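**Student:** Each number in this note's numbering comes from the position in the first sequence (counting from 1) with 1431 added on.
We treat Cβ as the ideally placed atom computed from N, Cα and C, and that holds for glycine.
Predicted model only: the values in this text are computed from it and were never measured.
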Amino acid sequence: MKTPLYKYYDQLIKKLGPQNWWPAETDFEVIIGAVLTQNTNWKNVEKAIGNLKKYNLLDPLKLLQIDSETLGELIKPSGYFNIKSKRLKNFLRWFNENYSLDIDKLKSQPLDNLREEILSISGIGKETADSILLYALSKLTFVVDAYTYRILTRHELVPYEIDYDGLKNEIESELPKDLKIYNEFHALLVNVGKNFCKKSEALCDKCPLNKFLEGKSPAI
DNA sequence: GACCAGGCACATC
DNA sequence: GATGTGCATGGT
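(1) Would you call the region 1495-1502 in contact with the region 1511-1522, where contact means no fewer than 3 C-beta pairs closer than 8 Å?
(2) Hey, would you say E1548 sits closer than 8 Å to V1575, going by beta carbons?
(3) Kindly indicate which residue of K1445, W1453, T1434 and L1436 has the alpha-carbon position closest to the one of Y1566.
(4) Distance check for I1462 and I1555, CA to CA, integer angstroms please.
(5) Between which two residues does the alpha helix (DSSP H) containing A1465 stretch?
(6) Would L1467 pass as a contact of I1514 if the rule is Cβ separation under 8 Å?
(7) Within the continuous alpha helix (DSSP H) that includes N1586, where are the two ends?
(8) Three Cβ pairs or more, each shorter than 8 Å: is that satisfied between the region 1477-1490 and the region 1589-1604?
(9) S1631 to K1611, Cα distance in whole Å?
(10) Is A1650 helix, strand or coil when you go by DSSP?
(11) Roughly how far, in whole angstroms, is the beta-carbon of Y1439 from the beta-carbon of L1634, given that I think they are within contact range, below 8 Å?
(12) Taking the straight line between their C-alpha atoms, what separation do you get for H1392 and N1470?
(13) If I measure Cβ to Cβ from E1615 and keep anything under 7 Å in the same chain, skipping five residues before and after, which residues do I get?
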């Protein structure tokens, strides 16, 4: 017997198909994107990452070496560029001092220790940390974000009072412990959040799955 | 011009 | 422990 959240995942993947996240060419690019997309439209992040690629700077050592002001200019399109420049520098210094800028060394660490370590970096909160862990390092941890909360509360799949850890635990306990499912479910929720379940709309009226979930139409 | 976008740290009560 | 605020560009 599948849980309600697992059923919801099934409906989304059947309707929308695999999202094949994260949209990046390398694991390191995932990490940079995870910081740059904090409270920011992904299109703006793409412009910023495009600037880094243009100057061949999407590389841990090169980004560690350039000064914060130059980095800020390059990532300006993603917004909050001064603070994000510092946050990237914080990560890169930690990455260099503890793992010699070697992403394979990061991947070899156990999830719980690594999550604690990454969360201790100033500027890396829970969502950014979990995004890095899941999408760059292939660790089994679910990524909660504003879309996750909005969609699942509006569908009454979780209570409105739930917080980040509560939502994360609820989803992880109701889904199979499977990297592909964690990967796809989060990406599907972002898709639904962007295209159907918008903030300005009180209800997800346009969501193709809403009527089914309310039991008012046959299964899709 | 208002509102929104794949948060986070910090101040204040 | 909850709540408020600054950070900033670019699209709708």
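**Tutor:** If we stick to the structure as given:
(1) Counting C-beta pairs closer than 8 Å gives three or more between the region 1495-1502 and the region 1511-1522, which meets the contact rule.
(2) It is not a contact, given that the beta carbons lie outside the stated cut-off.
(3) Among K1445, W1453, T1434 and L1436, the Cα nearest to that of Y1566 is on W1453.
(4) Spanning the two alpha carbons is a distance of roughly 11 Å.
(5) For A1465, the enclosing alpha helix (DSSP H) has its first and last residue at D1458 to L1467.
(6) In this structure, I1514 does not lie closer than 8 Å to L1467 by Cβ.
(7) According to the sequence as given, residue 1586 is His; it is not Asn. Counting along the chain, H1586 falls outside any alpha helix (DSSP H), and DSSP gives it neither H nor E.
(8) No: fewer than three Cβ pairs fall under 8 Å.
(9) S1631 and K1611 have their C-alpha atoms roughly 31 Å apart.
(10) A caution first: A1650 carries a pLDDT of 44, below 50, which makes its placement in the model too unreliable to give a value.
(11) Not quite, the Cβ-Cβ distance comes to about 16 Å (not below 8 Å), so this is no contact.
(12) This structure gives no information on residue 1392, because the portion of the chain shown stretches from 1432 to 1651.
(13) Once the five neighbours on either side are set aside, the close Cβ partners of E1615 are I1444, P1449 and Q1450.
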